[in-house]
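In what follows, a single structure is set out as structure tokens and then discussed.
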Amino acid sequence: MKLRTRLTLWYGGAFFAAGAVLIAVVYLIVRDRIAQNLPDFGASTDEILAVRSQLGVDEQELLSFIQMAVDRQEAANDATLRAVLIWSVAALVVVGLLAVVLGFLMASRVLRPIDAITDTAKRVADRSLHERINLKGPGDELKRLADTFDGMLGRLDRAFEGQRRFVANASHELKTPLAINRTLLEVAAAEPGADHRIRDLAANLLAVNERHERLIDGLLTLAGSEQAPADPAPVDLADVVAHVAAQFAAEADAAGVTVETEAAEAVVVGDAALLERLVSNLIANGIRHNHSGGTLRVATGTADRRARLTVANTGPVVAAYEIDALFQPFRRGEGRDRIESVRGVGLGLSIVDSVTRVHEADLAAVSEPEGGLLVTVVFPEPA
77 MKLRTRLTLW YGGAFFAAGA VLIAVVYLIV RDRIAQNLPD FGASTDEILA
127 VRSQLGVDEQ ELLSFIQMAV DRQEAANDAT LRAVLIWSVA ALVVVGLLAV
177 VLGFLMASRV LRPIDAITDT AKRVADRSLH ERINLKGPGD ELKRLADTFD
227 GMLGRLDRAF EGQRRFVANA SHELKTPLAI NRTLLEVAAA EPGADHRIRD
277 LAANLLAVNE RHERLIDGLL TLAGSEQAPA DPAPVDLADV VAHVAAQFAA
327 EADAAGVTVE TEAAEAVVVG DAALLERLVS NLIANGIRHN HSGGTLRVAT
377 GTADRRARLT VANTGPVVAA YEIDALFQPF RRGEGRDRIE SVRGVGLGLS
427 IVDSVTRVHE ADLAAVSEPE GGLLVTVVFP EPA
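The opening residue of the sequence shown carries number 77 in my numbering; numbering runs sequentially from there.
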């Protein structure tokens, strides 16, 4: 039950309880006052005889007349009490229903700042740390809560911005010496007097240097994928899959992996570069963690107006408890670091996870019984 409904029920219940107590008190007061105002017909015999002699009526007739007057007065009093009770209850019901409606409106009014805080928190969860509530009004509890939340967002924004700036600056600074190393190694290997040992050493160092460059590029992409798309636009995943699959055709042939694509229209609103990197990393992962003669199936489509990307590959069996670790940086299956693998730098699936979260997509990965992994990415409906 929503808080607005609970507040309305509490307000309505309190109103009905207070109204019931008020009706009971009024009823008792009216009954007491009526009982006190009844005429006292318990006169003495001498008084009755004096009245009888003055009126010239029989004593029995006088007593009967007095009793009839008392009965009629009591009946009138009872009718008055019943009317007071009935009309009071009816008024309580009518006014109580109006009070419930008023309570709902009041609860909506009171909870409106909380709705604003919730909406901002949802946008912040999508990496929009620049959002602020900026709640206007008196400095009450809700205003202080909103200001505290804004302050927390400001500190988080500065912290994340500093982290992204550090990664970008560090990666940029590391690229320069790696580029110099690559140039020096290529020049040394190309010297006419270089023997085979120098050329072999240069080739090995160039491979290590290239791997470090890929690692830095991956870190830059991972840092960039943590930010929401600045200018989202419609992107057809079918076109992206066709383009990326063509790029990996040579690598798939060399690895003996058959790539099967089923690219149906699947439009996503987001960043084209990040979506291309997502598809590229999934296809690369499906080829490099496969076996000769294996297959890689890539499919796109739309179900319930939600774009869907599915990548399934054969390969070694992956334990269910290891799947979550695959999407962590520098991790691979079989309980080893992916940093040890010559096939990648261990950031591919981490970037996939980050891109899906930025695009508010649902990412699911399950291990195939015969071996390999089935990865499904379901994107939200386009606005």
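Using N, Cα and C, we set each Cβ at its ideal position, and we do this for glycine too. Keep in mind that this is a model prediction, so the values were computed, not measured.
Item	Value
Using a 10 Å radius around the Cβ and a threshold of 16 neighbouring Cβ atoms, would you call E352 buried or exposed?	buried
For H365, I'd like the list of residues in its chain whose CB is within less than 6 Å of its CB, leaving aside the five on either flank, ordered along the chain.	G391
Can you say whether F455 is buried or exposed, counting buried as having 16 or more other CB atoms within 10 angstroms of its CB?	buried
To the nearest angstrom, report how far apart G230 and K78 are at their CA atoms.	30 Å
Quick check: the segment 304-320 against the segment 332-340, are there 3 or more CB pairs under 8 Å?	yes
So, is S38 buried or exposed, given that buried needs 16 or more other C-beta atoms within 10 angstroms?	Here the chain covers residues 77 to 459 and nothing more, so residue 38 does not appear.
Can you tell which of G346, A349 and G362 has the C-alpha that lies nearest to the C-alpha of G332?	G362
Taking 8 Å as the cut-off, decide whether the C-beta atoms of A360 and F324 are in contact.	yes
To which residues of the same chain is L296 closer than 6 Å at the C-beta, ignoring the five residues directly before and after it?	S247
Please name the residue in P189, L350, L104 and V453 whose C-alpha comes closest to that of G377.	V453
Among the residues of its own chain, which have a CB less than 7 Å from the CB of S426, if the five just before and after it don't count?	L298, F403, Q404 and P405
Three or more C-beta pairs under 8 Å: does that hold for the segment 93-113 against the segment 179-194?	no
Would you decide whether R82 is buried or exposed? Buried here means 16 or more other CB atoms lie within 10 Å of its CB.	exposed
Keeping to the same chain, check which residues put their C-beta closer than 6 Å to that of T334; ignore five residues upstream and five downstream.	T371
Looking at the structure shown, is T432 part of a helix, part of a strand, or coil, going by DSSP?	helix
What is the rounded straight-line gap between the Cα of L385 and the Cα of L173?	52 Å
Starting from the C-beta of L250, find all residues in its chain whose C-beta is less than 7 Å away, skip the five residues before and the five after it, and write them out in chain order.	I292
Thinking C-alpha only, which one of H272, V165 and A322 is nearest A94?	V165
Considering only C-alpha positions, which residue in the set A383, V442 and V146 is nearest to P458?	A383
Can you tell me the Cα-Cα spacing of L282 and K198, whole angstroms?	46 Å
Does the Cβ-Cβ distance between A375 and S443 come in under 8 Å?	no
Less than 6 Å between C-beta atoms, sequence neighbours within five positions excluded: which residues of the same chain meet that for F92?	G172
With H, G and I counted as helix, E and B as strand and the rest as coil, what does DSSP make of L22?	Because the chain in this structure spans residues 77 to 459, residue 22 falls outside the shown range and cannot be described.
Taking the C-alpha atoms as reference points, what is the distance between H206 and A440?	29 Å
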